[in-house]
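Engineer: Here's a structure for you.
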Amino acid sequence: MTIEFIQRNRSGVLAFVFSLISILFLTLRVDAYIIGIKTAVWFLVSPEVVYSGLFFNKLDALEGRIFKLVRAEGANYILTKENELLAKAKIERDALEAENNRLRVLLNLKKVFFPAAISAQVIGRDVREWFHVVSLNKGKADGVVFSAAVVTGMTDHPALIGRIIEVGERTSKVLLVTDEMSAVSAEVAGKGDLGLIEGQARPWVSLNYLPPASQASVGDQVITAGLGGVFPPGVPIGQVVSLSDMSDGYFKGAKIRLDASLGSLRDVLVLRREEISDSEAKP
Amino acid sequence: MKRNLYFFMTLTIGIFIQIFFNRYLSLFDVGPNVLLMLVVAHGFIRGSLMGETLGFSWGLISDSMGVELFGTQALILTLAGYLAGKFRRRVASERPPAQVMIALFSTILYGLGSVLVRHFFEEGIRRSFLMPMILGMLFNILIVTAVFWVLERWINIWNLETEHV
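As you go down the protein sequences, you meet chains A and B in turn. Here the first sequence stands for residues 42 to 324, numbered as in the working numbering. Here the second sequence stands for residues 91 to 255, numbered as in the working numbering.
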């Protein structure tokens, strides 16, 4: 009867037994037996606790490495940002350095070749007429006059870029030598052959009307001839890159690569009238 | 044999998980009571016998590891496992809302049980129990669904016979 009851209520009986044991432990908590049991249970489970501790210590170390990685990632982010700022500063510094160099060249050019010339900056360019006209920040008030020659500075010599075609009070416009309307008397340096530089609305210009017996050859420097009183003589224009006979069969023509980079004009010199007759810019 | 192996493996892993939670997921020295949740979940899934046996064993281990009155955890977890088994047919414990309610009530009963044991067996020491109980309850609610989900799969791996009580 009792065994049948126990079998039928196994869980209840077991719960009762476990509870009774627990209450016994609670009641006899200061007893030496309890301390012994506690020690025995601890002895049995301690390997697991020890191994758990070892495992979690390794996990902690891993956590430390993760934090190190996170910190490294943060430092990397900061350094990347600093690097970007430095790169930006470098670009600004390079731009300032380039501007400084340009101005230094122009100043030197002005001092050596055209002391009375007016320094001006290109402030505008018609995107539809890239090889035709640029605007300057100097005008009548600064002494700029109609048809004045405009040069820019190369490292050691000036280079012709065009002439003033419009003068405002504070601004002016330059007709570039590449414009189809532009014509400048020129000569092949060292050969003495005269011709006419004509714009082609292209990055290069043509040197037309060279005499049939011209000794001009590829690589020759072409300079202003100084005829007509607009451009001073001896200002470099460009170099001969090819020669051909003109369509009329009498004159020779040449394709000239300009010394000045018209696409990146920044600073120029506007020559005064007196300099056109007084000086001669020799490269 | 399989049942015994399951019992010892579960016992070991349970302790391991409880240590992990105490170490990494405790707040104000209170963490999720994984052992309580495991005992209750065993009671609901496997029945009173497994629940109370594991409860008593985990209780004894907890008691031996702690400095509380020896027998407190053993008593409470035994009763928790037994009662969970008794309610297994009345509660649809496979549903998450039911599991949340199980976590809620089991934590409250666990807290009250601890207070009662201290009241009867501990002299002159009064510890605050409300705040730890509320915090523990929140923790247990957070983990209870996962505990049931994992335990069901763990039991399925062992392919144990269902306890008919």
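Note that the Cβ used here is the ideal one computed from N, Cα and C, for glycine as well. All values reported here derive from a predicted model rather than from experimental measurement.
Tell me, please, which residues DSSP counts as bridged to A:P199.
Structural biologist: Partner(s): A:G194.
Engineer: Could you tell me the boundaries of the beta strand (DSSP E) in which A:Q280 lies?
Structural biologist: Where A:Q280 is concerned, the enclosing beta strand (DSSP E) stretches over P277 to D286.
Engineer: Starting from the Cα of A:S283, find the closest Cα among A:V263, A:I202, A:Q48 and A:A189 and give me that residue.
Structural biologist: Nearest C-alpha to A:S283: A:V263.
Engineer: Using 8 Å as the cut-off, can you tell me whether the segment 170–177 of chain B makes contact with the segment 131–140 of chain B, which would need three or more C-beta pairs spanning the two stretches below that distance?
Structural biologist: Contact holds: three or more Cβ-Cβ distances are below 8 Å.
Engineer: Any contact of the segment 219–231 of chain B with the segment 286–299 of chain A, i.e. 3+ C-beta pairs under 8 Å?
Structural biologist: Verdict: no, contact absent.
Engineer: How would you write the range of the alpha helix (DSSP H) that B:V240 sits in, first residue to last?
Structural biologist: First-last of the alpha helix (DSSP H) with B:V240: L220 to W248.
Engineer: Contact criterion: CB-CB distance below 9 Å. Does B:I105 meet it with respect to chain A?
Structural biologist: Output row for B:I105: interface = yes.
Engineer: Determine the burial state of A:L127: buried for a count of at least 16 other Cβ atoms within 10 Å of its Cβ, exposed for fewer.
Structural biologist: Classification of A:L127: exposed, given that the 10 Å Cβ count is below 16.
Engineer: Based on DSSP bridge pairs, tell me the residues matched to B:V120.
Structural biologist: Per DSSP, B:L117.
Engineer: Taking CB distances under 9 Å as the criterion, tell me whether B:L126 reaches chain A.
Structural biologist: False, the Cβ-Cβ gap to chain A never drops below 9 Å.
Engineer: Show which residues of chain A have a CB atom less than 7 Å away from the CB atom of B:R113.
Structural biologist: What B:R113 touches in chain A: F97.
Engineer: Determine the direct distance from the alpha carbon of A:I119 to that of A:A130, and round the result to whole angstroms.
Structural biologist: When rounded, the distance between both Cα atoms is 16 Å.
Engineer: Any idea which residues DSSP pairs A:S213 with across the strands?
Structural biologist: Answer is A:L177 and A:V208, bridged to A:S213.
Engineer: Rounded to a whole number of angstroms, what is the C-alpha to C-alpha distance between A:R243 and A:E125?
Structural biologist: Looking at the two C-alpha atoms, the distance is approximately 38 Å.
Engineer: Cα separation between A:L237 and A:G279?
Structural biologist: Roughly 13 Å separates the two Cα atoms.
Engineer: Using a Cβ-Cβ cutoff of less than 8 Å, which residues in the same chain neighbour B:T143 once the five nearest sequence positions on both sides are dropped?
Structural biologist: Only F97 and G171 meet the Cβ criterion.
Engineer: Would you mind telling me which residues of chain B sit closer than 7 Å to A:L103, beta carbon to beta carbon, in chain order?
Structural biologist: Simply none; closest approach about 12 Å.
Engineer: Opposite A:V263 in the DSSP bridges: which residues?
Structural biologist: DSSP output for A:V263 lists A:V229 and A:G279 as bridge partner(s).
Engineer: Below 8 Å between beta carbons is the criterion; list the residues of the segment 57–68 of chain A that meet it against any residue of chain B, in chain order.
Structural biologist: So the list reads F59, S60, I62, S63, I64, L65, F66, L67 and T68, given in the order they occur along the chain.
Engineer: Got a sec? Which residues, its chain only, sit under 7 Å from B:S196 by beta carbon, not counting five neighbours each side?
Structural biologist: Result list for B:S196: L126, V130 and A170, in chain order.
Engineer: According to DSSP, is B:G137 helix, strand or coil?
Structural biologist: In the structure shown, B:G137 sits in coil (DSSP, three-state: anything other than H, G, I, E or B).
Engineer: Near A:A224, which residues of its chain fall below 6 Å by C-beta distance, leaving aside the five closest residues on each side in sequence?
Structural biologist: For A:A224, where only same-chain residues beyond five positions count, the Cβ hits under 6 Å are L237 and E239.
Engineer: Identify the residues that DSSP records as bridge partners of A:I293: which are they?
Structural biologist: Just to set this straight, residue 293 of chain A is Lys in the shown sequence, not Ile. Its beta-bridge partners are A:L251 and A:D286.
Engineer: Count the CB pairs spanning the segment 184–192 of chain A and the segment 204–214 of chain A that are closer than 8 Å, and state whether there are at least three.
Structural biologist: Contact between the segment 184–192 of chain A and the segment 204–214 of chain A is present, because at least three Cβ pairs lie under 8 Å.
Engineer: Would you identify the three-state DSSP class for A:R160, choosing helix, strand or coil?
Structural biologist: According to the sequence displayed, residue 160 of chain A carries Ser and not Arg. Residue state, collapsed to three classes: strand.
Engineer: May I ask you to report which of helix, strand or coil DSSP gives A:E321?
Structural biologist: Annotation note: pLDDT 49 at A:E321 (below 50); position unreliable, coordinate value reported separately. Of the three classes helix, strand and coil, the one that applies to A:E321 here is coil, per DSSP.
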